[in-house]
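Q: Everything in the sequence shown is counted per my numbering, starting at 9 for the first residue and increasing by one.
Backbone N, C-alpha and C define an ideal beta-carbon position, used for all residues, glycine too.
Sharing a structure below in structure tokens format, with a few things to ask.
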Amino acid sequence: MLSLTTRTTALAATALVLPALGLAPTVTKYRIDQSLSQEIDASAAGGAKQKIAFSTSSFVTVTLADSAGGKVMRVVIDSLRGDSATPIPAAVLDSAKGAEFHGFVQKSGKPTGLEPVTATPAVHQVQGLLSDFFPWARPGLKVGDSWTDTTAKTNGVGTDSVTIRRVSAYKAAATETVRARKALRITEDFTSSVAGTQPTPNGPAKIEGTATGKGSYYVGPDGLYLGGDWQQMSSLKISGSFAPQPLPITIVQKTKVTALK
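Set out below in structure tokens:
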């Protein structure tokens, strides 16, 4: 039976989001709930369809501090937990508590990079859960504004890494009330290409494919991110000496982000 590591199941790591740029450093806590279902058709390798479904909840603290050209972003994992089907061991999730990631937010509101301060095996396993942590958000947006963004991010290192290239279209759609405050609802539609390699018990594997997704999130007048929801579907293929032809993989991932304070 073909067995895949957590990195494959977390390929569709999608859109988590960024608190906005204020005039002073901001500290915001977020809860990130993700659910993922994956199906692999291993019939070409002499197996059957393999399915897995699991969910995780991540609690993080985000600090944005003024810097030349934008803001320095600091993300600290407060806690991680998964259900009984989560392929990442509970001990690994527990050991990732306190892990720190640094990034940068340009004056335009675009976040760039989110890398661990200390790279450990546990951090590498959970990094996919924080991939695309923040969307493009900034103060001063108004209904009707629209823009596009292109990113390329690599999760993992060496022969156990995946690069996701993503093109997103954003639109400020409407003004609504969220948690008793005025907010702008921003919609996002995106497409992605996925390419990478991964070791498996059956030998090295090559992974490639595409994904599509959409969602919406809320930004206050001061640019503070107030939460959002996304869904993404990925159609991938994994190939290697373990199968005479590539094996199809379908992944559906849902993400919900809630601002706690």
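Under three-state DSSP, which class holds A191?
A: Position 183 of the sequence shown, counted from the start, is the residue given in the question as residue 191. Correct three-state label for A191: strand.
Q: Cα separation between S169 and A188?
A: Position 161 of the sequence shown, counting from 1, holds the residue named residue 169. Position 180 of the sequence shown, counting from 1, holds the residue named residue 188. Whole-angstrom Cα-Cα distance: 42 angstroms.
Q: Check whether the stretch 178 to 196 and the stretch 209 to 219 are in contact - that is, three or more C-beta pairs closer than 8 angstroms.
A: They do not touch, by the three-pair rule.
Q: When DSSP builds the beta bridges, which residues end up paired with W155?
A: Residue mapping note: residue 155 aligns to position 147 of the sequence shown, counting from 1. W155 pairs with Y178.
Q: Look up F109 in the DSSP assignment and give the residues it is bridged to.
A: Here residue 109 refers to the residue found at position 101 when the sequence shown is read from its first residue. For F109, which the question treats as bridged, DSSP gives the partners V83, P124.
Q: Excluding the five sequence neighbours on either side, which residues of its own chain have a C-beta within less than 7 angstroms of the C-beta of T223, listed in chain order?
A: Within the sequence shown, numbered from 1, the residue matching residue 223 stands at position 215. The residue you asked about is not Thr; residue 223 is Gly in the sequence shown. A23, E196, G236, D237, W238, Q239.
Q: Ends of the beta strand (DSSP E) at Q58?
A: For the purposes of this step, residue 58 is taken as residue 50 along the sequence shown, with counting starting at 1. Where Q58 is concerned, the enclosing beta strand (DSSP E) stretches over 57 to 75.
Q: Which partner residues does Q253 have in the DSSP bridge list?
A: Within the sequence shown, residue 253 is the residue found at index 245, counting from 1. Its beta-bridge partners do not exist; DSSP assigns none.
Q: With burial defined as no fewer than 16 other Cβ atoms inside 10 Å of the residue's Cβ, what is the status of S243: buried or exposed?
A: Residue 243 sits at position 235 when you count from the first residue of the sequence shown. Flag for S243 reads exposed.
Q: Comparing alpha-carbon positions, which option in P119, Q58, E123, A130 lies nearest D157?
A: Counting from one through the sequence shown, the residue named residue 157 turns up at place 149. Here the closest residue by C-alpha is P119.
Q: Where DSSP assigns a beta bridge to A213, which residues make up the other side?
A: Position 205 of the sequence shown holds residue 213. Note: A213 sits in a beta bridge opposite Q206.
Q: Compute the beta-carbon to beta-carbon distance between L149 and V227, rounded to the nearest angstrom, for a pair I have assumed lies under 8 angstroms.
A: Within the sequence shown, the letter at position 141 stands for residue 149. Within the sequence shown, the letter at position 219 stands for residue 227. Yes, they are in contact, since the Cβ atoms of L149 and V227 sit about 6 angstroms apart, within 8 angstroms.
Q: Under a Cβ-count criterion, where at least 16 other Cβ atoms within 10 Å of its own Cβ denotes burial, should H110 be classed as buried or exposed?
A: Stepping through the sequence shown from its first residue, residue 110 is reached at position 102. Exposed, because fewer than 16 other Cβ atoms sit within 10 Å of the Cβ of H110.
Q: Determine contact between the stretch 48 to 55 and the stretch 245 to 261, defined as no fewer than three beta-carbon pairs at a distance below 8 angstroms.
A: Contact between the stretch 48 to 55 and the stretch 245 to 261 is present, because at least three Cβ pairs lie under 8 angstroms.
Q: Across which residues does DSSP place I96 in a beta bridge pair?
A: As a first step, residue 96 must be located in the sequence shown, where it is residue number 88. Looking at the DSSP assignment, I96 forms no beta bridge with any residue, so it has no partner.
Q: Would P147 pass as a contact of P229 if the rule is Cβ separation under 8 angstroms?
A: Within the sequence shown, numbered from 1, the residue matching residue 147 stands at position 139. Within the sequence shown, numbered from 1, the residue matching residue 229 stands at position 221. The answer is yes: Cβ separation under 8 angstroms.
Q: By the DSSP assignment, the alpha helix (DSSP H) with Q133 in it spans what residues?
A: Translated into the one-based positions of the sequence shown, residue 133 becomes position 125. Unbroken alpha helix (DSSP H) run through Q133: 129 to 134.
Q: Considering G236, what are the terminal residues of the beta strand (DSSP E) in which it resides?
A: Residue mapping note: residue 236 aligns to position 228 of the sequence shown, counting from 1. Counting along the chain, the beta strand (DSSP E) containing G236 begins and ends at 233 to 247.
Q: In its own chain, which residues sit with a C-beta less than 7 angstroms from the C-beta of S87, not counting the 5 before and 5 after it?
A: On the sequence shown, residue 87 is found 79 positions in, with the first residue counted as 1. Excluding sequence neighbours, S87 sits near F67, K105.
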